[in-house]
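The structure under discussion appears below in the form of structure tokens.
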Amino acid sequence: MASNLPSSPSPPRPVLHERLLARLRLRHLRLVDALSTHANLRRAAEATHMSQPAATQMLRELEALLEVPLFERHARGMRITEAGRLLAAHARTAIETLRIAADDLASLAAQQARPVRIGALDAALLSVLRVAMPLLLQSHPQLRMVIEDGTTERLGAGLRSGAFDLVLLRQPERLEPGYRFIPLRSDRMVVIAGVAHPAASLRRVRLRDLADSRWILPPPHFAVRQALDAALAREKLVPREHSVQTLSPHLLRSLLAQPDVVMPIPHTSLDRIDPREVVQLKLQLDTPIDPLGLLYRPDEVSASAQLLIDVLVDLSNERAG
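Numbered according to our numbering, the sequence shown terminates at residue 338, and the numbering increases by one at each position without gaps.
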């Protein structure tokens with residue numbers, strides 16, 4: 018059964034914001050998060066330790082507050098709407114932020130230094146943090162860190178909400194006021210293929226030599242994809258897309274074992290490939306992509322976070338020198 022809410026336009030943003038501040042409760046957010054996970058009102062009510070009638074009433078209150086349906090009811094459960102999916106994502110961020118606040122308060126009460134919370138792209142984990150880790154563990158054993166990987170969108174949201182103290186990602190197109198970005202590692206696009214690919218043994222490869230290859234392509238907004246698209250456009254080439262498009266490392270291994278499959282990746286990600294199975298093709302391309310670096314808010318950096326920043330910047334300068 019669909020929601021009975023009217024399909025009138027949503028209230029203006031300032032009105033909706035004030036309404037949320039005045040009437041939204043944390044239990045609303047917990048319920049939306051649980052419903053997005055379980056897609057069943059009874060199980061969501063159990064997960065949030067409330068009765069099913071109370072959960073039903075609370076969902077009605079929230080949808081009335083927002084003037085938009087969050088879930089569509091049907092015989093086998095509940096189907097989340099686009100508005101519900103959006104609110105659930107923000108609910109999880111708010112819940113995680115409260116968990117971090119609880120951890121920080123507990124550390125303060127125990128007179129412990131709070132850990133530095135770091136978010137990083139996979140390429141930054143490989144080429145920045147992994148390189149720095151031996152020095153950090155040896156020279157600064159007292160430095161506590163919590164490290165998570167994630168997408169650019171998740172890292173940016175986590176930094177804004179306070180879930181991360183700093184994030185390692187590619188240089189943003191523009192910086193919001195109060196933020197600082199420090200480049201740490203330059204990067205470029207390279208192309209990889211399985212060892213059985215005909216171009217794997219060539220001393221020099223041109224993009225035209227890969228005209229019959231099937232490409233595994235990252236999403237269009239990825240820096241490495243944009244670099245590839247620009248290089249192909251200069252050569253007036255259109256790639257043959259593989260029937261399977263994925264970034265899962267578990268699947269890429271078997272896909273790249275096919276003798277006609279190629280894929281663009283950042284040069285900083287080469288360390289994660291097995292040279293016995295996958296090789297970098299010797300393409301002569303000028304394909305720089307946005308550098309990896311640190312994004313943080315200088316006014317909110319703790320002493321521990323500043324120590325980490327200093328170590329990463331010093332290592333970057335040594336590498337560049």
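We put the CB at the ideal spot given by N, CA and C, even for glycine.
Predicted model only: the values in this text are computed from it and were never measured.
Between the alpha carbons of residue i and residue j, how many angstroms are there, rounded?
i	j	result
P283	M206	5 Å
A244	L185	20 Å
R44	L311	35 Å
S24	Q74	With a pLDDT of only 49 at S24, under the threshold of 50, the placement of this residue in the model should not be trusted; the figure read from the coordinates follows. Computed Cα separation, rounded: 20 Å.
G211	W232	12 Å
V318	S178	14 Å
R93	R47	22 Å
V12	A72	Here the chain comprises residues numbered 18 to 338, so residue 12 is not present and cannot be evaluated.
P29	E84	11 Å
L52	H214	47 Å
L33	R77	17 Å
Y313	P194	11 Å
S104	A111	Correcting the residue identity first, residue 104 is Leu in this sequence and not Ser. So the two alpha carbons sit approximately 10 Å from each other.
L192	R220	41 Å
P236	R242	7 Å
R109	R59	20 Å
E35	A81	15 Å
H238	G175	20 Å
P31	L41	15 Å
A248	V255	10 Å
P354	R171	As shown, the chain starts at 18 and ends at 338. That puts residue 354 outside it, with no answer to give.
Q262	D288	22 Å
N334	A217	34 Å
R270	A240	22 Å
T168	S68	36 Å
E294	P276	11 Å
A123	L183	21 Å
I326	Y196	14 Å
A106	E99	11 Å
P292	P266	15 Å
L153	H91	54 Å
L268	A119	38 Å
A337	R116	39 Å
A126	D303	54 Å
I290	V296	8 Å
A39	D246	48 Å
L234	A250	15 Å
Residues in the same chain with beta-carbon distance under 6 Å from residue i, minus the five sequence neighbours each way, listed in chain order, please.
i	result
A19	Legend: pLDDT at A19 = 44, less than 50; position of this residue unreliable, value from coordinates given subsequently. Counting only Cβ-Cβ distances below 6 Å, and skipping sequence neighbours, we find E89.
L79	H45
E113	A180
L37	none
R134	V163, F181 and D182
P305	R205
Let me check understanding here. Comparing Cα to Cα, which of the options lies closest to residue i?
i	options	result
S230	K253, R257 and R251	R257
L227	F239, A247 and L298	L298
S321	I135, V49 and L160	L160
V208	Q275, L82, P281 and F239	P281
L324	E113, P158 and L264	P158
V328	E35, P276, S156 and A56	S156
I164	R147, L58 and R96	R147
R96	N57, I117 and T65	N57
G136	A123, T98, D166 and M162	D166
L138	L115, G173, A118 and A106	G173
Who are the Cβ neighbours of residue i in its own chain at under 8 Å, not counting the five residues just before and after it?
i	result
D121	R131
G101	V49, L52, S53, P86, L87 and F88
A61	L48, A51, L52, T54, H55 and A72
T65	R44, R47, L48, A51 and A72
Considering only residues of the same chain and omitting the five flanking positions on each side of residue i, which have a CB-CB separation below 7 Å?
i	result
T285	A140, L143, S144, R202, D204 and L309
I199	G310, L311 and V330
Q301	R221
Q188	F198, P200, D307, P308 and G310
D316	G195
S260	none
Rounded to the nearest angstrom, how far is the Cβ of residue i from that of residue j, given a contact under 8 Å?
i	j	result
L4	E252	The structure shown does not extend to residue 4, since the chain is modelled only from 18 to 338, so the question has no answer here.
A149	L332	5 Å
Can you check DSSP and say which residues form a bridge with residue i?
i	result
I306	D204
I97	F88
V184	G136 and L312
V222	L300
Q166	The sequence shown places Asp at residue 166, not Gln. Beta-bridge pairing links D166 to A137.
A111	Beta-bridge pairing links A111 to no other residue.
I209	M280 and Q297
I346	Nothing about residue 346 can be read from this structure; the chain reaches only from 18 to 338.
R231	R257 and V278
Is there a Cβ of chain C sitting closer than 7 Å to that of residue i, yes or no?
i	result
N334	The displayed structure is made up of one protein chain only, and chain C is not part of it.
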